[in-house]
Amino acid sequence: WHVAARSEHALVIAPTGSGKTLAAFLYALDRLFREGGEDTREAHKRKTSRILYISPIKALGTDVQRNLQIPLKGIADERRRRGET
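Under the numbering used here, the first residue of the sequence shown is numbered 528, with each subsequent residue one higher.
1. Taking C-beta to C-beta, are F560 and I602 nearer than 8 Å?
2. What is the rounded straight-line gap between the Cα of V591 and the Cα of S545?
3. Could you give the distance in angstroms between the alpha-carbon of T548 and the alpha-carbon of V539?
4. Apart from the five residues just before and just after L556, which ones in its own chain have a Cβ nearer than 6 Å to its Cβ?
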């Protein structure tokens, strides 16, 4: 996460099924959670993290999208609980 926090590029290499994709998205999910209450226009004015996910097959991209829905829903639920939305 330190590399992402410094806006540096990172390359993650590990065996299949070891959690590379989730590891890559965890930093972005953490930022979404922490920045939930910010004014969106102000957040766009400063440097933000971006993740580019390239899937070798469409089915894998679909799996990644489906697997990210759970943490994204959790972030949205927590924001509502805190009254941030």
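Just so you know, even glycine gets a beta-carbon here, dropped at the ideal spot from N, CA and C.
According to the data block:
1. Yes. Within cutoff.
2. Pairing V591 with S545, the inter-Cα distance amounts to about 14 Å.
3. Rounded to the nearest whole angstrom, the CA to CA distance from T548 to V539 is 9 Å.
4. The answer, listed in chain order, is P598.
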